[in-house]
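Novice: Quick note: the numbering used here has the sequence shown finishing at residue 461, numbered continuously throughout.
We put the beta carbon where it would ideally sit given N, CA and C, even for glycine.
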Amino acid sequence: MRKIQKIVCAAVLVTVMLIASIPTIALAQEDVAPKRQGALIAQVADILGIDQQELENAFKQAQTEFREENLDARLQELIAEGTLTQEQANELKTWIEARPDVPNIPPRQLKEALEKGTITQEQVDQLKAWIKSRPDIPNIQPESLQTRAQQMRENRDALMTSVADILGIDKADLDNAFKQAQGELRENALDTRLQELVNQGAWTQEQADAFKAWLKARPDVPPLRPAQQSESTQQSASPQQSVW
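1. So what's Asp491 in DSSP terms, helix, strand or just coil?
2. Give me, in chain order, the residues of the same chain whose beta-carbon lies closer than 8 angstroms to that of Gln303; leave out the 5 immediate sequence neighbours on both sides.
3. DSSP three-state call for Trp431: helix, strand or coil?
4. Buried or exposed: where does Arg325 fall if 16 or more other Cβ atoms within 10 Å of its Cβ makes it buried?
5. In angstroms with no decimal places, state the Cα-to-Cα distance between Val233 and Pro436.
6. Assuming Ala256 and Leu376 are in contact, meaning their beta carbons sit under 8 angstroms apart, how far apart are those beta carbons, in whole angstroms?
7. According to DSSP, is Gln303 helix, strand or coil?
8. Determine contact between the stretch 311–323 and the stretch 340–348, defined as no fewer than three beta-carbon pairs at a distance below 8 angstroms.
9. Between the alpha carbons of Leu384 and Gln270, how many angstroms are there, rounded?
10. Could you give the first and the last residue of the continuous alpha helix (DSSP H) run that contains Ala375?
11. Can you name the start and end residues of the alpha helix (DSSP H) that Gly266 belongs to?
12. With a cut-off of 8 angstroms on the beta carbons, I'd call Ala425 and Leu411 a contact; round off their distance for me.
13. Measuring straight from C-alpha to C-alpha, what distance separates Phe276 and Ser350?
14. Mind checking Gln280: buried by the 16 CB within 10 Å criterion, or exposed?
15. Excluding the 5 residues preceding and the 5 following Asn372 in the sequence, name in chain order all residues of the same chain whose CB lies nearer than 6 angstroms to its CB.
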C-alpha cells in the first residue's frame with residue numbers, strides 16, 4: 218500500500234508541477250534555463266513596450282484559467298471511467314489547489330535547489346507538509362494524471378493566445394517578441410563567452426569573429442537534441458561545446 222501511495226503521489230506531483238508550470242513551458246520555445254526566464258520576460262516586455270509586471274501577471278492569469286479548466290476536465294474523465302468517485306475528485310482538487318506557492322521543482326532536485334538557493338528551507342518544509350496531507354487515492358496510476366499534463370505541454374499556442382488577449386495585443390506580436398528576445402539573449406551570452414575565451418588566450422579575436430559568423434549562418438532548423446546525436450557527432454561538436 219505504501220508503494221502504491223508513493224506512485225500516486227509522484228503522479229499527482231508530476232501533474233501539478235506541469236499544470237503550474239504552463240508559463241515556463243510557454244516561455245521555453247527552446248530550452249530556457251530558469252535563471253534566464255526573468256531576463257527573457259524583461260526583454261519581451263521591453264520589446265512590446267509594456268511593464269514587466271503586466272506581462273508576468275498576464276501569464277499568471279492565463280495559468281490559473283488553464284490550470285482549473287484542465288484539472289476539472291481530467292477529474293471528470295476519471296469519474297466517468299470509474300477511477301474516482303465524485304467525493305475523491307473533490308478531495309483531490311482541494312488538495313491540489315492548496316499547494317503552497319513555491320518554485321516548481323521536481324522532488325528529486327529539491328536538495329540541489331536548496332543548496333543553490335533556488336528554494337528556501339521554509340518553502341521545502343511547506344511542500345513536504347503539503348505532500349503529507351495528500352488524500353488517499355490508491356486507484357490512480359501515474360499515466361492517469363500524466364495524460365492531461367502531456368496534452369497541456371502541447372497547448373502552448375492556446376496559452377499564448379490567452380496571454381495576448383489579456384494584454385490586448387496580437388498573438389503574432391507576442392510570439393515575435395519572444396523570438397526576438399531569445400535571439401538577443403543568445404547573442405549576448407555568446408559574445409560574453411567568446412570574449413572570455415579571447416581574454417584567456419584560448420582563442421584569437423579573429424577566431425572568435427569567425428566562429429560567431431559561422432553560428433549566425435546556421436540554417437533555421439530545429440536544434441538537434443543530445444539524445445539524437447551519435448558519438449561521432451558529439452565529438453565533432455566539441456569546439457561549439459567549449460563555447461557554450
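Specialist: Judging by the given coordinates:
1. With the chain running from 218 to 461 in the structure shown, residue 491 is simply not present.
2. Start at 1 with the first residue of the sequence shown, and residue 303 comes out as number 86. Ile296, listed in sequence order.
3. Position 214 of the sequence shown, counted from the start, is the residue given in the question as residue 431. Note: Trp431 maps to helix in three-state DSSP.
4. Working through the sequence shown from its first residue, we reach residue 325 at position 108. Exposed.
5. As a working mapping, residue 233 is identified with position 16 in the sequence shown. As a working mapping, residue 436 is identified with position 219 in the sequence shown. Low local confidence applies: a pLDDT of 39 at Val233 is under 50, so the model's placement there is unreliable, with the coordinate-based value given in what follows. Approximately 37 angstroms between the Cα atoms of the pair.
6. The residue given as residue 256 occupies position 39 in the sequence shown. The residue given as residue 376 occupies position 159 in the sequence shown. About 20 angstroms separates the two Cβ atoms, so there is no contact after all.
7. For the purposes of this step, residue 303 is taken as residue 86 along the sequence shown, with counting starting at 1. Here Gln303 carries a helix assignment [DSSP, helix/strand/coil].
8. Here the stretch 311–323 makes contact with the stretch 340–348; the two share three or more CB pairs at distances below 8 angstroms.
9. Within the sequence shown, the letter at position 167 stands for residue 384. Within the sequence shown, the letter at position 53 stands for residue 270. Roughly 12 angstroms separates the two Cα atoms.
10. Within the sequence shown, the letter at position 158 stands for residue 375. Taken as a continuous stretch (DSSP letters only), the alpha helix (DSSP H) holding Ala375 covers Arg373 to Leu384.
11. By 1-based counting over the sequence shown, the position of residue 266 is 49. Counting along the chain, Gly266 falls outside any alpha helix (DSSP H), and DSSP gives it neither H nor E.
12. Taking the first residue of the sequence shown as position 1, residue 425 is located at position 208. Taking the first residue of the sequence shown as position 1, residue 411 is located at position 194. About 4 angstroms separates the two Cβ atoms, so the contact holds.
13. Start at 1 with the first residue of the sequence shown, and residue 276 comes out as number 59. Start at 1 with the first residue of the sequence shown, and residue 350 comes out as number 133. One C-alpha to the other measures close to 28 angstroms.
14. Here residue 280 is taken as the residue at index 63 of the sequence shown, counted from 1. With 16 or more other Cβ atoms inside 10 Å of its own Cβ, Gln280 counts as buried.
15. For the purposes of this step, residue 372 is identified with residue 155 of the sequence shown, where counting begins at 1. Apart from the 5 residues on each side of it in sequence, Asn372 has no Cβ closer than 6 angstroms to any other Cβ in its chain.
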